[in-house]
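**Q** Shown below is the structure under consideration.
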Amino acid sequence: MLGALIHCIAPRPDKGTRLSASQNPSSAAAAKPVVTRFAPSPTGFLHIGNARTGLFSWLFARHHGGQALLRVEDTDKARSTQEAIDVILDGMRWLGLDWDGPVHFQSEYEPRHAEVAQQLIERGAAYRCYLTPEELKARREAAQAERRPFRLTSEWRDCTDAGPEGAPSVVRLKAPRDGETVIEDLVQGRVAVANAELDDFVLLRSDGSPTYMLAVVVDDHDMGVTHIIRGDDHLNNAFRQLAIVRAMGWDEPTYAHIPLIHGSDGAKLSKRHGALGVHDYRDMGILPEALFNYLLRLGWGHGDDEIISREQAIAWFDLDHVGKSPSRFDMKKLESLNGHYIREADDARLAGLVAERIGDVDTELLARAMPELKARAHDLNQLAEGARFLFATRPLDVDEQAAALLNADSRALLRAAQQALAAANWEHDALEQAVRTVAEEAGVKLGQIAQPLRAALTGRTTSPGIFDVLVLLGQGESLARIADQMVEPNA
RNA sequence: GGCCCCAUCGUCUAGCGGUCUAGGACGUCGCCCUUUCACGGCGAAAACACGGGUUCGAUUCCCGUUGGGGUCACCA
Numbered sequence: 120m121l122g123a124l125i126h127c128i129a130p131r132p133d134k135g136t137r138l139s140a141s142q143n144p145s146s147a148a149a150a151k152p153v154v155t156r157f158a159p160s161p162t163g164f165l166h167i168g169n170a171r172t173g174l175f176s177w178l179f180a181r182h183h184g185g186q187a188l189l190r191v192e193d194t195d196k197a198r199s200t201q202e203a204i205d206v207i208l209d210g211m212r213w214l215g216l217d218w219d220g221p222v223h224f225q226s227e228y229e230p231r232h233a234e235v236a237q238q239l240i241e242r243g244a245a246y247r248c249y250l251t252p253e254e255l256k257a258r259r260e261a262a263q264a265e266r267r268p269f270r271l272t273s274e275w276r277d278c279t280d281a282g283p284e285g286a287p288s289v290v291r292l293k294a295p296r297d298g299e300t301v302i303e304d305l306v307q308g309r310v311a312v313a314n315a316e317l318d319d320f321v322l323l324r325s326d327g328s329p330t331y332m333l334a335v336v337v338d339d340h341d342m343g344v345t346h347i348i349r350g351d352d353h354l355n356n357a358f359r360q361l362a363i364v365r366a367m368g369w370d371e372p373t374y375a376h377i378p379l380i381h382g383s384d385g386a387k388l389s390k391r392h393g394a395l396g397v398h399d400y401r402d403m404g405i406l407p408e409a410l411f412n413y414l415l416r417l418g419w420g421h422g423d424d425e426i427i428s429r430e431q432a433i434a435w436f437d438l439d440h441v442g443k444s445p446s447r448f449d450m451k452k453l454e455s456l457n458g459h460y461i462r463e464a465d466d467a468r469l470a471g472l473v474a475e476r477i478g479d480v481d482t483e484l485l486a487r488a489m490p491e492l493k494a495r496a497h498d499l500n501q502l503a504e505g506a507r508f509l510f511a512t513r514p515l516d517v518d519e520q521a522a523a524l525l526n527a528d529s530r531a532l533l534r535a536a537q538q539a540l541a542a543a544n545w546e547h548d549a550l551e552q553a554v555r556t557v558a559e560e561a562g563v564k565l566g567q568i569a570q571p572l573r574a575a576l577t578g579r580t581t582s583p584g585i586f587d588v589l590v591l592l593g594q595g596e597s598l599a600r601i602a603d604q605m606v607e608p609n610a
């Protein structure tokens, strides 16, 4: 039913040429349902680049009415704490990316990986290699010394004898040596690599544990993944992985390698570029829908559309329009988008978010102030900062610029305003009328009263409209704050 | 270094041979609105890396150069 809905929303026909071209014509009529997977490793945070890959993978599945699976690559036990795993799941939920079925854990499938390795040996597609790490290192260094590329040729590849008794061994794939391997990548297009470039990589370590290369292929197959959407740092791996798939005679998945996100200087996004984790952006006061929209537009486009809702994203997303070059992360644009979504956001929701940041406060008041506050913030922290004056306790902490506004002349004006205010009906228009009248009678511009008033009421030189401030604060508090500044002795 | 990939305003992108004196957005700079700051509105500057082809015609196709990126583990 989702599919039908999507087709109604879609404003233009889905091109999808690359997708349909890559599908087997004979099975096109009964096209297999799309199954994608997101496979992060628990590194302690959800990398913003991985999050985008996950987003693309999720959107592709949702667009095609397929399944989006989640697998945690936790084979590195040292790093795979429950806490690290929760960080990933939290980040995904926060972004609104759900997944179908249970969370898969790669570590749980280790017996199966070993089993496949054994089958590979039996099929003559893999072999036990008894080369020691020292021997490998020596060969590698020798190649380097001669400045020729190192390509392992293990004498155990075609050796039918059993190795030395009790000696440690690894299992290596008998990679094809002639010809070339071609991948029809949905993003990168046709990519070919000479098989001579591929060597006999390790499938099973000497301790019997599977390598990532083996595990990922087995899991993707067992989980029924049809479309592998991941960062293009894996493109080279794809050729090796395909060799395993072919050796096992399994259905070949379709690949889509998404370019990585770079920092503002064009280099791979790293810590020195600032925030890397999805949680960092959350803490910076970015709204999830803003990050969603930003990440979506980073490397993908849909005509001139900039503001794209979740529903539109699902309806519109395709791999054809994913760019092939890496894109740079632009905080300014994210902030701009975030400002937009803050202005769009529900006031009560924002009030709750702000309250989380400034402590136990009257969210009712906050929500009422929100329409004025939210136009002035690009992130939740700025929003919280802008709301501070509402809950400040008297006497106010007046900043330097605001204090400069409070001199003998302005105090005289303030006194007149104070009297007019005290007699006024406490609602926006009446207050404005009262203050304007004071200004007229004093022969000054409104600003000459409004600014000192702002300084007295908020302790700042910038704030929402002054009459809104008055209304929000209420008569008692407003008059008291003004009075505080009247008695202030000027030293 | 070998292999692979990429190349439109500062940034994200639209463009899939003529519609391009190249469109949108962020950022920047003006102006307007205005009690401040924002928001909003209007406007400006700003790009097809370079060189060869192919073609009647290239931003769009091909090759090369340059520049950038990725990857080369018993890590994932």
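Here my numbering is used: the first sequence runs in plain steps of one and ends on residue 610.
Think of the CB as a built atom: it goes at the ideal place given N, C-alpha and C, for glycine as much as any other residue.
Return helix, strand or coil for residue 217, following the three-state DSSP convention.
**A** Residue state, collapsed to three classes: coil.
**Q** Is residue 473 near residue 345, with beta carbons less than 8 Å apart?
**A** Against a cut-off of 8 Å, the Cβ pair of residue 345 and residue 473 comes out as no contact.
**Q** Alpha carbons only, please: which of 597, 482, 325 is nearest the one belonging to residue 574?
**A** Here the closest residue by C-alpha is 597.
**Q** Residue 520 bridges to which residues according to DSSP?
**A** DSSP lists no partner for residue 520.
**Q** If you compare alpha carbons, which of 356, 185, 170, 213 is closest to residue 433?
**A** Of 356, 185, 170, 213, the residue nearest in Cα terms is 185.
**Q** Using the C-alpha atoms, what's the distance from residue 359 back to residue 218?
**A** Cα to Cα, residue 218 sits roughly 28 Å from residue 359.
**Q** At the level of alpha carbons, what is the spacing between residue 145 and residue 428?
**A** Confidence at residue 145 is low in this model, with a pLDDT of 36, below 50, so the placement of that residue should be treated as unreliable; the coordinate-derived value is given next. Cα to Cα, the separation comes out at about 36 Å.
**Q** Could you give the distance in angstroms between the alpha-carbon of residue 504 and the alpha-carbon of residue 223?
**A** C-alpha separation (whole angstroms): 42 Å.
**Q** Taking the beta strand (DSSP E) that residue 319 falls in, what are its first and last residues?
**A** Counting along the chain, residue 319 falls outside any beta strand (DSSP E), and DSSP gives it neither H nor E.
**Q** Which word fits residue 251, buried or exposed, when buried means at least 16 other C-beta atoms lie within 10 angstroms of its C-beta?
**A** Answer is exposed; the Cβ neighbour count stays below 16.
**Q** On the CB-based measure, 16 or more other CB atoms within 10 Å of its CB, does residue 225 come out buried or exposed?
**A** It counts as buried.
**Q** Note down the Cα distance separating residue 176 from residue 195, rounded to an integer number of angstroms.
**A** Distance between the alpha carbons of residue 176 and residue 195 is about 24 Å.
**Q** Identify whether residue 140 lies in helix, strand or coil by the three-state DSSP scheme.
**A** At residue 140 the pLDDT is 34, less than 50, meaning the model places this residue with poor confidence; the figure from the coordinates comes in the next sentence. Correct three-state label for residue 140: helix.
**Q** Can you tell which of 546, 312, 605 has its C-alpha closest to the C-alpha of residue 589?
**A** Per the Cα distances, 546.
**Q** Residue range of the beta strand (DSSP E) that residue 304 falls in?
**A** 299-304 is the extent of the beta strand (DSSP E) around residue 304.
**Q** Rounded to a whole number of angstroms, what is the C-alpha to C-alpha distance between residue 611 and residue 382?
**A** Examination of residue 611 is not possible in this model, given that the chain is present from 120 through 610 alone.
**Q** Name the residue from 183, 191, 326 whose alpha carbon lies nearest to the alpha carbon of residue 165.
**A** Comparing Cα positions, the closest option is 191.
**Q** Going by beta carbon distance, what residues of the same chain come within less than 7 Å of residue 363, once the five residues before and after it are set aside?
**A** Closer than 7 Å at Cβ, skipping near neighbours: 292, 333, 336.
**Q** Hey, how far is the Cα of residue 463 from the Cα of residue 397?
**A** If I take the Cα positions, the gap works out to 22 Å.
**Q** Applying the 10 Å Cβ sphere with the 16-neighbour rule, what's the burial state of residue 199?
**A** Counting Cβ neighbours within 10 Å, residue 199 comes out buried, since at least 16 surround it.
**Q** Contact defined as beta carbons within less than 8 Å: I believe residue 245 pairs with residue 233. What is the distance between those atoms, to the nearest angstrom?
**A** Between residue 233 and residue 245 the Cβ distance is about 12 Å, and since that is not below 8 Å, they are no contact.
**Q** Return helix, strand or coil for residue 148, following the three-state DSSP convention.
**A** Caution is warranted here: a pLDDT of 39 is assigned to residue 148, below 50, making its placement in the model unreliable, and the coordinate value is therefore given only provisionally. In this structure, residue 148 counts as coil in the three-state DSSP scheme.
**Q** Taking residue 490 as the reference, give the member of 340, 461, 419 with the closest Cα.
**A** Nearest C-alpha to residue 490: 461.
**Q** Of the choices 385, 320, 309, whose alpha-carbon is the least far from that of residue 65?
**A** The chain is shown from 120 up to 610; residue 65 falls before or after that span and cannot be answered.
**Q** Going by Cα to Cα distance, which pick from 305, 290, 338 is closest to residue 324?
**A** Residue 324 has its Cα closest to that of 290, out of 305, 290, 338.
**Q** Enumerate in chain order the residues of its own chain whose CB-to-CB distance from residue 610 is below 7 Å, with the five nearest sequence positions on each side excluded.
**A** Low confidence applies to residue 610: its pLDDT is 43, below 50, so where it sits in the model is not reliable, and the reading given next is rough at best. Closer than 7 Å at the Cβ level, and outside the excluded window around residue 610, lies no residue.
**Q** With burial defined as no fewer than 16 other Cβ atoms inside 10 Å of the residue's Cβ, what is the status of residue 512: buried or exposed?
**A** Per the 10 Å Cβ criterion, exposed.
**Q** Can the beta-carbon of residue 171 be found less than 8 Å from the beta-carbon of residue 405?
**A** Their beta carbons are not under 8 Å apart, which means residue 171 does not touch residue 405 by this criterion.
**Q** Bridge partners for residue 612 per DSSP, in chain order?
**A** Only positions 120 to 610 of the chain appear in the structure, and residue 612 is not among them; the question remains open.
**Q** Within a Cβ cutoff of 7 Å, which residues of the same chain sit near residue 353, ignoring the five residues on either side of it in sequence?
**A** Result list for residue 353: 376, in chain order.
**Q** Please return the same chain residues whose Cβ sits closer than 7 Å to the Cβ of residue 436, not counting the five positions on each side in sequence.
**A** Cβ neighbours of residue 436 beyond the five flanking positions: 178, 179, 182.
**Q** Ignoring anything shorter than 4 residues, give me the alpha helix (DSSP H) runs that lie fully in the stretch 223-293, in order along the chain.
**A** Listed in chain order, the complete alpha helix (DSSP H) runs (minimum 4 residues) inside the stretch 223-293 are 229-241, 252-264.
**Q** If we call anything under 8 Å between Cβ atoms a contact, is residue 330 one with residue 314?
**A** No, the pair does not count as a contact, with Cβ atoms beyond the cut-off.
**Q** Hey, quick one: how far does the beta strand (DSSP E) through residue 182 stretch, first residue to last?
**A** Counting along the chain, residue 182 falls outside any beta strand (DSSP E), though it belongs to the alpha helix (DSSP H) covering 167-182.
**Q** Out of curiosity, what's the CA-to-CA distance linking residue 135 and residue 421?
**A** Any answer about residue 135 is weak, because its pLDDT of 31 lies below 50 and its placement is not dependable; what the coordinates show is given next. In a straight line, the C-alpha of residue 135 is about 13 Å away from that of residue 421.
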